[in-house]
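Below is one structure; the comments refer to it alone.
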Amino acid sequence: MSLSPVERVRRIAAFFVRPSIGQPMRATLLVRLAVGSVFLSSGIIKFLFENQGPGRFAKIGLPAPEQLAYFVGGVEIVAGIMLILGLAVRLAALPLIVDMAVAIATTKLPLLFGAGPEPISAMPKTGFWAFAYQARLDVTMLVSCMFLVAAGAGLWSLDALLSRRRWEGRLMRDPRLAGDLSAT
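Residues in the sequence shown are numbered from 780 upward in steps of one, following the working numbering.
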């Protein structure tokens with residue numbers, strides 16, 4: 780069966796907002812809340828503290844550090860809130876995966892090769908152990924976002940609530956369910 784382009788797009792879009800069924804609800808909720816809170820606070824910090832936003836992006840050597848820092852901060856705030864609420868979680872996690880991959884590539888991988896913008900106290904300055912120590916949060920957040928893309932928001936989420944309402948609306952409009960059922 781060949782799907783039309785419109786149907787393909789509809790199915791892809793549905794994947795990003797459809798809650799997953801049959802998964803541990805509490806675990807997914809905890810991952811969403813933890814990851815969302817970290818990204819929300821990280822995004823806010825980029826706006827509040829120059830050395831954590833534009834200053835840090837400039838130190839790393841990223842182009843247009845001020846604009847990029849505020850853009851990334853805004854994405855982290857919006858996506859973090861979406862994760863906390865359980866709204867389009869799969870879609871919200873995608874830019875955060877890119878965020879973490881870029882963070883690892885620009886600030887952690889250089890440590891493996893004897894360079895890096897991050898000072899490390901009481902640890903080797905470069906090499907595997909410096910990388911492992913400095914990358915632990917970034918890698919955890921990256922893998923957690925990948926989990927959320929795979930698992931979705933879970934049943935305790937706005938995605939699940941909205942999905943239930945859509946299904947209820949479809950059932951109410953189904954002509955097979957219309958009419959007097961007691962007459963049969």
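Glycine is no exception: its CB is placed at the ideal position from the N, C-alpha and C atoms. Just so you know, these numbers come straight off a predicted model, no measurement behind them.
When the beta-carbon positions are compared, residue 935 and residue 847 stay at least 8 Å from each other.
By alpha-carbon distance to residue 882, the top candidate from 917, 926, 940 is 917.
According to the DSSP assignment, residue 908 belongs to the alpha helix (DSSP H) that extends over 907-930.
With respect to residue 785, residue 825 sits apart: the two C-beta atoms are not nearer than 8 Å.
Excluding five sequence positions before and after residue 864, the CB atoms of its chain that fall closer than 6 Å to its own CB belong to 937, given in chain order. When the alpha-carbon of residue 929 is set against those of 887, 867, 945, the nearest one is in 867.
Note on geometry: alpha-carbon atoms of residue 875 and residue 924 lie some 7 Å from one another. Assigned with DSSP and collapsed to three states, residue 936 falls in coil, not helix or strand. Rounded to whole angstroms, residue 820 and residue 839 show a C-alpha spacing of 21 Å.
Shortest Cα-Cα distance from residue 922 to any of 909, 905, 873 involves 873. Of the candidates 783, 906, 891, 854, 854 places its Cα closest to the Cα of residue 815. Assigned with DSSP and collapsed to three states, residue 889 falls in helix. Annotated three-state conformation of residue 819 is helix, per DSSP. Residue range 833-839 is occupied by the alpha helix (DSSP H) that includes residue 838. Taking a 10 Å sphere around the C-beta of residue 887, we find 16 or more other C-beta atoms and assign the residue as buried. Counting C-beta atoms within 10 angstroms of its own C-beta, residue 932 has 16 or more neighbours from the protein chains shown and is therefore classed as buried.
In the three-state reduction of the DSSP assignment, residue 904 falls in the coil class, being assigned neither a helical nor a strand state. Residue state for residue 842 is assigned as coil, using DSSP reduced to three classes. Taking C-beta atoms under 8 Å as the contact rule, residue 862 and residue 811 qualify, at a distance of about 5 Å.
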